[in-house]
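Residue numbers (this note's numbering): 446 to 600. The structure under discussion appears below in the form of structure tokens.
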Amino acid sequence: MITDIGNVIEEHVDINEKYHGTLVVNQKEYLHKLEKECSNIKIEFPKLGAEDRFVISDSKTDVALAKHGLLDHAKVLENIFRSVVNVDSKYHKYFVARRDEIINRIINDCNGVSITFPKIAFSNSAVIIKSDKINVEEAKRKIEEIVKDLLLHKK
Numbered sequence: 446m447i448t449d450i451g452n453v454i455e456e457h458v459d460i461n462e463k464y465h466g467t468l469v470v471n472q473k474e475y476l477h478k479l480e481k482e483c484s485n486i487k488i489e490f491p492k493l494g495a496e497d498r499f500v501i502s503d504s505k506t507d508v509a510l511a512k513h514g515l516l517d518h519a520k521v522l523e524n525i526f527r528s529v530v531n532v533d534s535k536y537h538k539y540f541v542a543r544r545d546e547i548i549n550r551i552i553n554d555c556n557g558v559s560i561t562f563p564k565i566a567f568s569n570s571a572v573i574i575k576s577d578k579i580n581v582e583e584a585k586r587k588i589e590e591i592v593k594d595l596l597l598h599k600k
């Protein structure tokens with residue numbers, strides 16, 4: 446905590462509004478980590494629909510570090526590619542059986558892509574893959590290859 450009020454500065458960081466939800470909801474752990482790494486800086490989020498500006502308050506050094514971290518993280522979010530591969534719901538259990546062994550292998554082989562299967566209660570076939578474009582395409586190819594093999598073995 447800063448005891449010398451004269452050393453507290455306020456810095457504005459512009460991050461596209463389409464990433465606010467991801468930062469606030471999905472990346473909350475990242476923001477808490479950033480706050481701890483930067484001596485408990487204060488990060489104010491913009492009001493929904495108001496503007497793209499985050500406000501960071503603390504000492505000059507901590508604010509600079511936090512601003513750099515937020516901007517770097519925003520660049521990562523900008524490069525996330527999303528793709529959907531349709532997998533018949535009857536094959537979903539193959540991917541998530543045995544403690545997600547198959548899906549975890551694909552995730553590890555493709556540098557930590559995010560793969561989301563629909564909930565079992567829904568008969569939706571859309572499997573969502575998120576990461577950088579190269580890894581998403583590789584994960585999609587692997588999933589399609591496995592489904593093709595499953596189809597061949599069923600005949």
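We put the CB at the ideal spot given by N, CA and C, even for glycine.
Does the region 579 to 591 come close enough to the region 522 to 539 to have 3 or more Cβ pairs within less than 8 Å?
-> The region 579 to 591, when compared against the region 522 to 539, does touch it at the 8 Å Cβ threshold.
Three-pair Cβ contact test at 8 Å for the region 516 to 524 versus the region 537 to 544 = No: fewer than three Cβ pairs fall under 8 Å.
Is residue 446 helix, strand or coil by DSSP?
-> Here residue 446 refers to the residue found at position 1 of the sequence shown. Residue placement at residue 446 is poorly supported in this model, since its pLDDT is 43, which falls under 50; the coordinates still yield a value, given next. Three-state DSSP puts residue 446 in coil, outside helix and strand.
Buried versus exposed call for residue 568 [16 or more other C-beta atoms within 10 Å across all chains shown] | The residue you call residue 568 lines up with position 123 of the sequence shown. Label assigned to residue 568: exposed.
Span of the alpha helix (DSSP H), counted from its first residue to its last, around residue 531 | As a working note, residue 531 is residue 86 in the sequence shown. Counting along the chain, residue 531 sits inside no alpha helix (DSSP H); it lies in the beta strand (DSSP E) bounded by residues 526 to 531.
Per the contact definition of three or more C-beta pairs closer than 8 Å, is the region 546 to 555 in contact with the region 498 to 516?
-> Three or more beta-carbon pairs separated by less than 8 Å are not found between the region 498 to 516 and the region 546 to 555, which leaves the two stretches without contact.
Which residues share a DSSP beta bridge with residue 561?
-> Numbered from 1 along the sequence shown, position 116 holds the residue referred to as residue 561. For residue 561, which the question treats as bridged, DSSP gives the partners 573.
With DSSP as the reference, label residue 588 as helix, strand or coil.
-> By 1-based counting over the sequence shown, the position of residue 588 is 143. Correct three-state label for residue 588: helix.
Residue 452: which of 460, 459, 486, 475 sits nearest, CA to CA?
-> On the sequence shown, position 7 is the one that residue 452 refers to. Considering only alpha carbons, the answer is 486.
Flag this pair as touching only if the region 454 to 468 and the region 509 to 516 have three or more C-beta atom pairs under 8 Å; answer yes or no.
-> Yes, the region 454 to 468 touches the region 509 to 516.
Do you know whose CA, among 476, 534, 478, lies nearest residue 596's CA?
-> Reading the sequence shown from its first residue, position 151 is the one you call residue 596. Distance check between residue 596 and each of 476, 534, 478 places 534 closest, using alpha-carbon atoms only.
Do you know offhand how far residue 576's Cα is from residue 586's?
-> If you number the sequence shown from 1, residue 576 lands on position 131. If you number the sequence shown from 1, residue 586 lands on position 141. Going by C-alpha positions, residue 576 is about 14 Å away from residue 586.
Where residue 516 and residue 468 are concerned, what is the direct C-alpha to C-alpha distance, given to the nearest angstrom?
-> If you number the sequence shown from 1, residue 516 lands on position 71. If you number the sequence shown from 1, residue 468 lands on position 23. Residue 516 and residue 468 have their C-alpha atoms roughly 12 Å apart.
What distance in whole Å lies between the Cβ atoms of residue 532 and residue 558, which are believed to be in contact at a cut-off of 8 Å?
-> What you label residue 558 is simply residue 113 of the sequence shown in a count that begins at 1. What you label residue 532 is simply residue 87 of the sequence shown in a count that begins at 1. Wrong, their Cβ atoms sit about 15 Å apart, outside the cutoff.
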